[in-house]
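Number of protein chains: 2
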Amino acid sequence: MFCRSVILTGGALATILGTAPSAIAQALKDVQTPDTPLVLKAQGSFFVGGEKAEQTQSELGDLGPGGRITVNQMYVRYMVPQGGDGNVPVVMVHGATLTGKSWETTPDGRMGWDEYFVRKGHPIYVPDQVGRGRSGFNQAVFNNVRAGSSPAATLPRWIRFSDEVVWPNFRFGSKASEPYADSQFPVNAVDELSKQGVPDVSFGGVPTPNPTHKALSDLASQVNGAVLMGHSQSGAFPLAAALLNPAVAKGLVLVEPGGCPSNYTDEQIKTLAALPVLVVFGDHRDTPTGIGIRPSWQLSFESCQALIGRLKAAGGQAEMLNPAERGIRGNSHMIMQDKNNLQIADFILQWIGERVSKPKAAK
Amino acid sequence: MFCRSVILTGGALATILGTAPSAIAQALKDVQTPDTPLVLKAQGSFFVGGEKAEQTQSELGDLGPGGRITVNQMYVRYMVPQGGDGNVPVVMVHGATLTGKSWETTPDGRMGWDEYFVRKGHPIYVPDQVGRGRSGFNQAVFNNVRAGSSPAATLPRWIRFSDEVVWPNFRFGSKASEPYADSQFPVNAVDELSKQGVPDVSFGGVPTPNPTHKALSDLASQVNGAVLMGHSQSGAFPLAAALLNPAVAKGLVLVEPGGCPSNYTDEQIKTLAALPVLVVFGDHRDTPTGIGIRPSWQLSFESCQALIGRLKAAGGQAEMLNPAERGIRGNSHMIMQDKNNLQIADFILQWIGERVSKPKAAK
C-alpha cells in the first residue's frame, strides 16, 4: 500500500479548509519596522565543529566519484551591537522541528529575541542545530537505501509536528483552533509558525552524544564565555555543554526544556551549582500534549524543579522563572514569540544583569 | 552489501589526511570586523509561499496522529540599510548543495555580498531555496520508505559535492589541493567552504516547476520590485521568475549559471529583452569539472552568450561581465567569496546604478 502525502493548493485548499488560500500567503506585509535603527559593530555567520567523512559515489548522490565531505558542523549567525562587544554574549538554540528562525522576527512580524538582546547590548549567536537548517545532515544512509545497498529499516525517521498537534503541544489551546482566552501566542499568525517547521532527524540521524553539545561549548569558548540558552528539545543542551567546559558557560537559560536530567552525579551537580541557572516555563502546562513522548509539560516543569532543588542544595543559584506566578498568564511553549515576548526577555535580561554581568552600555 | 560512510575524527583524521584536526576547526577567530558600524533600518526574516499538505502519522514521524503541515515555503532573511529603503532591493539566491550562507561572511572571514550591498545602500533579501536549509523539505516519502509503505526506488537522491570534486568544479584548480597560480578563491579556507555544504534534494525531491521560481517572483512583488540575483543552480532562476511577473523584476543578475535556456519562445525573449540582464562568469572555464552533468563551465558560458545574443537581437540590454576580459584573472565559480569579491560586487553595483537605478544614498 502506498501512503502518499497530498498537497493541497489553490481552490482545493480553500474548499477543504474553508479558508482562502491567502490564509497562508505572504507575511512580509506584516513585518514591523522598529522606530530606531539597529547599529551593529559586526554581523555575519560562521561554522563551529565538523568532521570529515569519506563517502562513496552513491552516498554523494552520483554527481561525481566518491570522496570526502564535512558533516556535523554547526552554522551560527551572529550580531554584535556597537559598543556592546565587551558584554556577555548570548547563544540561542532552537527546539525540535525548528531552526534558528525561532529567535528571529515573530510569526506576526514583531521583533525577535535575537534583535532585542542585541538592542539591550548583548552580542547574540544563533545556531542551527547539527542535522538541521543551514548546518545540514549526513545524507549517506538515505542514498544507500535508495541504491538498495542498505535496508529501509536503517533509515532514521524525520519528525514534524502537524498544525493540529502544535496547538495542544505548544499550549496555544487545548485543541486546534481553540485558543485559550488568555493565550499570549499570536494565534492569528499560527500558519506563519507552521512555515518555520522543518524535518528533524534527531531521532537516529544525528550522532550520540549530539555534536551540538560540544559545538555549543566550543562556541562559548571562542567568544570567551557566553550565556547559553536552549529551547524545548535543546532546553537542557546548556547543561550538557556546561559540563564539557564549565569555565566558558557564564549562565544557563533553559527555556521550556523537554525535561531536566534526573541522573546527574553529585560531582556533576557540584559543577553545575557553580553556574547561574534559570529555567523558564509558560502557562497551561497541564494541557495533554497529544503526542506520545510527553503527556504534559507539567512533567517537564517538575523535573526541572527537582533539578533546581538539587542545585540549590549544593549551594547553587538555580531558579525558576514562572511568569504565571507573577500574575502574567497565558504564555505558551513558544514564549520567545508570544505577544509579551519582550516582557519575558526583560526578566531574562534582568537575571543576566544580576547573576552573570550587567551590560556596559545598553543601546 | 552495506556501504556505510566512515566518519573520520581526531587522530584517525590527522593520520589519514596528513593534517592536524585543527585544519577543520573553529573559524570564528578568522572572522574580520569592519571599521565602521552597520546601521540598519530593519533586519529580520519571514517566509514566502508554502502550501498545506495532509500527511499520515507515519509520514510525520510517528510523534502524533496524522494532520497538516506546511511544505514548499521559502525562508528569507533581510537587511534594510538606514536611509536605503527607497533603493532597489537585491535578492540573492544560492546554488546547488548550498544555502543562503553563500552570500554571508566568506570562508576566510571577510565581508559577504549581503552586507556589502547593504552598505552600498541596497536592501537585501537572502532566501534558502525551497527544499533546503531553513526552508525545509517534504519528508513524507522518506518516512514512507522507512515504514515499508513505499519502495526504496521512490526515494529522491540527495546530492553533495565532495571536497575533491569542488576544486575542479568550482575552478579553484584543475585538481584537488592544486590551486591555479592566479586563483582568486581563498583556498586556505577551502575547508570552511566544505562546511557550507548541505544535502540537496532538487533532483526529484522538489516539485516541478521549482516553487522557488514563484516564491522569488512573489518576493519581488512584495518589495515593489527587486533585482533578482541567482548563482549556479539558481543562476537562471531570475529569468524564470521574471517570466512569471516581468513588472517586478527590475534587473536580472545571473552569476555563474549552470546554463542559460536555449528554448525560449520569441514571445518570452521579447519579455526578457525589456529587462536589464547581466551574466557574470569567472575564469578557467575550460577546466574539466569531474562531474557528469557538466563537462566544463565554458559550455554554460556559451549558452549564456547565445541567450545574450537573442536578447540583444530583440532590442534588449543583456550583457556579459567577464572580469578576465578586463585583465582580472583567476576568478572562481564561488566569485562572491573570492578574494576580490568586493571588486566584482562593485561592477555589479555599477551596472545596477546604470541600468536599474542609482541608490539615493550610499552609506
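Quick note, the sequences are listed as chains A and B, same order.
Numbering-wise (the working numbering), the first sequence opens with residue 47 and increments by one.
Numbering-wise (the working numbering), the second sequence opens with residue 47 and increments by one.
A virtual CB, placed ideally from N, CA and C, is assigned to each residue, including glycine.
Which residues in the same chain as residue 186/B place their Cβ atom closer than 7 Å to its Cβ, once the five residues preceding and following it in sequence are excluded?
Residue numbering aside, residue 186/B sits at position 140 when the second sequence is read from its first letter. These residues qualify, in order along the chain: 101 and 105.
What does residue 254/B reach in chain A if we use C-beta pairs closer than 9 Å?
Position 208 of the second sequence, counted from the start, is the residue given in the question as residue 254/B. None at all; the shortest Cβ gap to chain A is about 12 Å.
Any beta-carbon of chain B closer than 8 Å to the one on residue 70/A?
Working through the first sequence from its first residue, we reach residue 70/A at position 24. Because residue 70/A carries a pLDDT of 47, less than 50, the predicted location of this residue cannot be relied on, and the following value inherits that uncertainty. Yes, contact with chain B.
Please classify residue 308/A: is it buried, with 16 or more other beta-carbons within 10 angstroms of its beta-carbon, or exposed?
One-based indexing of the first sequence puts residue 308/A at position 262. Looking at its Cβ environment, which holds fewer than 16 other Cβ atoms inside 10 Å, residue 308/A is exposed.
Whose C-alpha, out of 175/B, 255/B, 243/B and 165/B, is nearest the C-alpha of residue 395/B?
The residue given as residue 395/B occupies position 349 in the second sequence. The residue with the shortest Cα to Cα distance from residue 395/B is 165/B.
Am I right that residue 91/A and residue 277/A are in contact with their C-beta atoms under 8 Å? What's the rounded C-beta distance?
As a first step, residue 91/A must be located in the first sequence, where it is residue number 45. As a first step, residue 277/A must be located in the first sequence, where it is residue number 231. So it is not a contact: roughly 20 Å between Cβ atoms.
Opposite residue 277/A in the DSSP bridges: which residues?
Counting from one through the first sequence, the residue named residue 277/A turns up at place 231. Answer is 301/A, bridged to residue 277/A.
Taking a Cβ distance cut-off of 9 Å, strictly less, list which residues of the region 181 to 201 of chain A are near chain B, in chain order.
Cβ contacts with chain B come from 181, 182, 183, 184, 185, 186, 187, 188, 189, 190, 191, 192, 193, 194, 195, 196, 197, 198, 199, 200 and 201.
Quick check on residue 230/A: buried or exposed, where buried means 16 or more other Cβ atoms within 10 Å of its Cβ?
To locate residue 230/A, count along the first sequence from 1; it is residue 184. So residue 230/A counts as buried.
Would you report the Cα separation of residue 115/B and residue 228/A, rounded to the nearest angstrom?
Taking the first residue of the second sequence as 1, we reach residue 115/B at position 69. Taking the first residue of the first sequence as 1, we reach residue 228/A at position 182. Answer to the nearest angstrom: the Cα atoms are 25 Å apart.
Let me know the secondary structure DSSP gives residue 245/B once reduced to three states.
The residue labelled residue 245/B in the question sits at position 199 within the second sequence. The answer is coil: DSSP assigns residue 245/B none of H, G, I, E or B.
Would you identify the three-state DSSP class for residue 100/A, choosing helix, strand or coil?
Position 54 of the first sequence, counted from the first residue, corresponds to residue 100/A. Reduced to three states, the DSSP call for residue 100/A is strand.
Distance check for residue 224/A and residue 151/B, CA to CA, integer angstroms please.
To locate residue 151/B, count along the second sequence from 1; it is residue 105. To locate residue 224/A, count along the first sequence from 1; it is residue 178. Roughly 44 Å between the two C-alpha positions.
Under the rule that 16 or more other beta-carbon atoms within 10 Å means buried, what is residue 143/B, buried or exposed?
Working through the second sequence from its first residue, we reach residue 143/B at position 97. Answer is buried; the Cβ neighbour count reaches 16.
Residue ranges of each beta strand (DSSP E) run of no fewer than 3 residues wholly in the region 166 to 231 of chain A, ordered along the chain?
Complete beta strand (DSSP E) runs here, min 3: 170 to 173 and 219 to 221.
When we look at the beta-carbon of residue 97/A and count the other beta-carbons within 10 Å, is it buried (16 or more) or exposed?
By 1-based counting over the first sequence, the position of residue 97/A is 51. Burial call: buried.
Can you tell me which of the three DSSP states residue 116/A falls into?
In the first sequence, counting from the first residue as 1, residue 116/A sits at position 70. Residue 116/A: strand per DSSP, three-state reduction.
From residue 343/A to residue 335/A, what distance separates their C-alpha atoms?
For the purposes of this step, residue 343/A is taken as residue 297 along the first sequence, with counting starting at 1. For the purposes of this step, residue 335/A is taken as residue 289 along the first sequence, with counting starting at 1. Going by the C-alpha atoms only, they are around 8 Å apart.
Please go through the same chain and pick out, in chain order, the residues whose beta-carbon is closer than 8 Å to the beta-carbon of residue 282/A, but skip the five residues on each side of it.
Numbered from its first residue, the first sequence carries residue 282/A at position 236. Within the same chain, residue 282/A has close Cβ partners 276, 300, 303, 304, 305, 306 and 307.
Going by DSSP in three states, residue 64/B sits in which element: helix, strand or coil?
What you label residue 64/B is simply residue 18 of the second sequence in a count that begins at 1. The pLDDT assigned to residue 64/B is 33, lower than 50, so where the model puts this residue is not dependable, and the model offers no usable value.
Would you tell me roughly how many angstroms separate the C-alpha atoms of residue 171/A and residue 274/A, rounded to the nearest one?
Numbered from 1 along the first sequence, position 125 holds the residue referred to as residue 171/A. Numbered from 1 along the first sequence, position 228 holds the residue referred to as residue 274/A. Going by the C-alpha atoms only, they are around 10 Å apart.
Drop a sphere of 10 angstroms on the beta-carbon of residue 400/B, count the other beta-carbons inside from all chains shown, and report buried for 16 or more, exposed for fewer.
For this step, residue 400/B is matched to residue 354 along the second sequence. The residue in question, residue 400/B, is exposed, as its Cβ has fewer than 16 Cβ neighbours within 10 Å.
Below 7 Å on C-beta distance, what does residue 115/A contact in chain B?
Locating residue 115/A in the first sequence gives position 69, counting from the first residue. Correct list: 206, 208, 209, 240 and 243.
Please tell me whether, using a cut-off of 7 Å, the distance from the CB of residue 394/A to the nearest non-hydrogen atom of the ligand COA is below it.
Within the structure as shown, the ligand COA is missing, as the structure has no ligands at all.
At least one CB of chain B closer than 8 Å to the CB of residue 161/A: is that the case?
As a position in the first sequence, residue 161/A is number 115, starting the count at 1. Closer than 8 Å: yes.
Residue 184/B and residue 117/B: beta carbons closer than 8 Å?
As a working note, residue 184/B is residue 138 in the second sequence. As a working note, residue 117/B is residue 71 in the second sequence. Result yes, Cβ atoms of residue 184/B and residue 117/B sit closer than 8 Å.
Could one say the Cβ of residue 83/B lies closer than 8 Å to chain A's Cβ atoms, at least one of them?
Position 37 of the second sequence holds residue 83/B. Yes - at least one Cβ of chain A is within 8 Å of the one on residue 83/B.
Assign residue 221/A to buried or exposed, taking buried as 16 or more other Cβ atoms, counted over all protein chains shown, within 10 Å of its Cβ.
Indexing the first sequence from 1 puts residue 221/A at position 175. Answer is exposed; the Cβ neighbour count stays below 16.
Check the Cβ of residue 294/A against every Cβ in chain B and list those closer than 9 Å, keeping chain order.
Indexing the first sequence from 1 puts residue 294/A at position 248. Those within 9 Å of residue 294/A in chain B number zero; the least Cβ separation is about 13 Å.
Under the rule that 16 or more other beta-carbon atoms within 10 Å means buried, what is residue 339/B, buried or exposed?
On the second sequence, residue 339/B is found 293 positions in, with the first residue counted as 1. So residue 339/B counts as exposed.
Mind checking who residue 89/A pairs with in its DSSP beta bridge?
Here residue 89/A refers to the residue found at position 43 of the first sequence. DSSP, once it has assigned bridges, lists 125/A as partnering residue 89/A.
Using a Cβ cut-off of 8 Å (strictly closer), state whether residue 93/B contacts chain A.
Mapped onto the second sequence, residue 93/B falls at position 47. Interface residue, yes.
Is the number of C-beta pairs between the region 313 to 331 of chain A and the region 348 to 367 of chain A that are closer than 8 Å three or more?
Yes, the region 313 to 331 of chain A is in contact with the region 348 to 367 of chain A.
If distances are taken between C-alpha atoms only, which option among 280/A, 353/A, 325/A and 345/A comes closest to residue 314/A?
What you label residue 314/A is simply residue 268 of the first sequence in a count that begins at 1. When only C-alpha atoms are compared, the closest one is 353/A.
How about residue 170/A: is its C-beta nearer than 8 Å to some C-beta of chain B?
Here residue 170/A is taken as the residue at index 124 of the first sequence, counted from 1. No, no contact with chain B.
Along the chain, where does the beta strand (DSSP E) containing residue 324/B start, and where does it finish?
Here residue 324/B refers to the residue found at position 278 when the second sequence is read from its first residue. Residues 323 to 326.
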